[in-house]
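Participant:
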Amino acid sequence: MKYQIKNFPIKKVIDCMSGNSGLTEEFIYSKSNIQGKKYTVLSSSTDNTTSMGEIPFCSINGKPIKVFENKEGLLVARNGKAGAITYLPPGGYTINDHAYIVSLKRVVHIL
């Protein structure tokens, strides 16, 4: 099988989710009484054993929070532990604006 291709845009293969501006510890705490499915909040300072807590699906700054769920991804730190990459098994996550989550798009056929 041939696994290498040239001149193919990376954006057709990789998704990148940016973080939620304003997703602070104070905001997370203010939503702690809301019922519903919870998402693990990650940031640039989290690792395999830590998180900022959990938050239900809600709105922040007038927009629904961005969530990442049901697939594998990589948490990439923007600052704090800048450049650090952590594997995310399938689950439910959201991030603050100090990190990104990158994942593979479902590529059916490239050529």
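Each residue of the sequence shown is one higher than the one before, starting from 13 at the first, in our numbering.
Ideal placement from N, C-alpha and C gives every residue a C-beta, glycine not left out.
#1: Less than 7 Å between C-beta atoms, sequence neighbours within five positions excluded: which residues of the same chain meet that for residue 66?
#2: Roughly how many whole angstroms lie between the Cα atoms of residue 93 and residue 87?
#3: Measuring only the C-alpha atoms, how far is residue 35 from residue 27?
#4: Are the beta-carbon atoms of residue 80 and residue 40 separated by less than 8 Å?
#5: DSSP puts residue 100 in a beta bridge; with which residues?
#6: Hey, residue 110 and residue 55: beta-carbon distance below 8 Å or not?
#7: Just to confirm, are residue 106 and residue 45 a CB contact at a threshold of 8 Å?
#8: If residue 8 and residue 43 are in contact, beta carbons under 8 Å, what's the gap, nearest whole angstrom?
Facilitator: Straight from the coordinates:
#1: 50, 51, 52 and 53
#2: 11 Å
#3: 21 Å
#4: no
#5: 85
#6: yes
#7: no
#8: Because the chain in this structure spans residues 13 to 123, residue 8 falls outside the shown range and cannot be described.
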